[in-house]
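Numbering (the working numbering), first residue to last: 49 to 249. To start, the structure under review is shown below, and the notes come after it.
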Ligand code: GTP
Ligand code: MG
């Protein structure tokens with residue numbers, strides 16, 4: 049898919065106030081600092097459309113973007129962000145889960161995991177929650193530029209092997225680097241492909 053336009057629409061804390069769900073939507077989620085906002089900038093080709101930071105906990109709301117006037121993209125806050133109060137964490141968690149559960153036009157959620165790390169409990173639990181609620185997801189391995197080709201060749205099968213302990217069928221996955229624009233076409237083509245089955249409400 050070629051990007052003709054990408055615009056930021058709005059930030060919300062309540063899924064009911066998000067843009068009218070009349071277009072296919074894709075959400076990007078994962079632990080704080082994994083690279084969600086950077087990835088959105090990379091795939092849209094607009095370096096500053098989503099706000100990024102080297103300090104975890106930057107994105108705190110549900111942020112909607114419009115791609116090619118045809119797709120909604122949602123940048124979500126990270127889960128597992130420890131440096132905020134318990135009350136805040138619970139509030140975010142509810143905001144995110146309500147959004148994922150009730151958003152009627154959500155076609156797929158990209159769960160981002162750092163390609164340098166072993167499978168983390170918070171990611172596995174989150175995937176399980178998605179599965180239990182029949183919410184489709186795929187995995188995006190981020191920051192692949194930080195690993196050598198050999199290390200990457202070992203890391204990905206190891207992660208998938210961990211997943212296969214609980215999942216009969218493995219999700220679709222992508223290898224990306226926001227730094228080097230790796231995986232851009234693959235993610236964009238997937239968005240286009242999955243959206244074919246979207247039925248407007
Ligand atoms: P929160 O909104 O805080 O949950 O974080 P996030 O997941 O949106 O992460 P963000 O995109 O803000 O990136 C976090 C840090 O990782 C920033 O310093 C980015 O520059 C860096 N980063 C993100 N993606 C990549 C990548 O592909 N390669 C490299 N080398 N650094 C990256
Ligand atoms: Mg962010």
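No residue lacks a Cβ here, since even glycine has one placed at the ideal position from N, Cα and C.
Are three or more beta carbon pairs between the stretch 59-76 and the stretch 154-162 nearer than 8 Å?
yes
Practice task
Quick one: which unbroken beta strand (DSSP E) runs of 3-plus residues sit fully inside the stretch 160-194? Chain order, please.
Solution key: 185-190
message = What residue range does the beta strand (DSSP E) around residue 110 cover?
response = If you look at residue 110, you'll find it in the beta strand (DSSP E) that goes 110-115.
Please go through the same chain and pick out, in chain order, the residues whose beta-carbon is closer than 7 Å to the beta-carbon of residue 150, but skip the five residues on each side of it.
-> Excluding positions up to five away in sequence, the list reads 63.
Practice task
Have a look at 87, 58, 80 and 67 and flag the residue whose alpha-carbon is nearest the alpha-carbon of residue 192.
Solution key: 87
Output the distance between the C-alpha atoms of residue 239 and residue 51, rounded to the nearest integer angstrom. Spanning the two alpha carbons is a distance of roughly 12 Å.
- request: Assign residue 177 to one of two classes, buried (16 or more other C-beta atoms within 10 Å of its C-beta) or exposed (fewer than that).
  value: exposed
Open item on the list: Relative to the C-alpha of residue 116, which candidate in 107, 57 and 159 has its C-alpha closest?
Closed with: Minimum Cα distance to residue 116 is reached at 57.
According to DSSP, residues forming a beta bridge with residue 79: 127
Cβ shell of residue 171 (< 6 Å), same chain only, five flanking positions each side left out = 161
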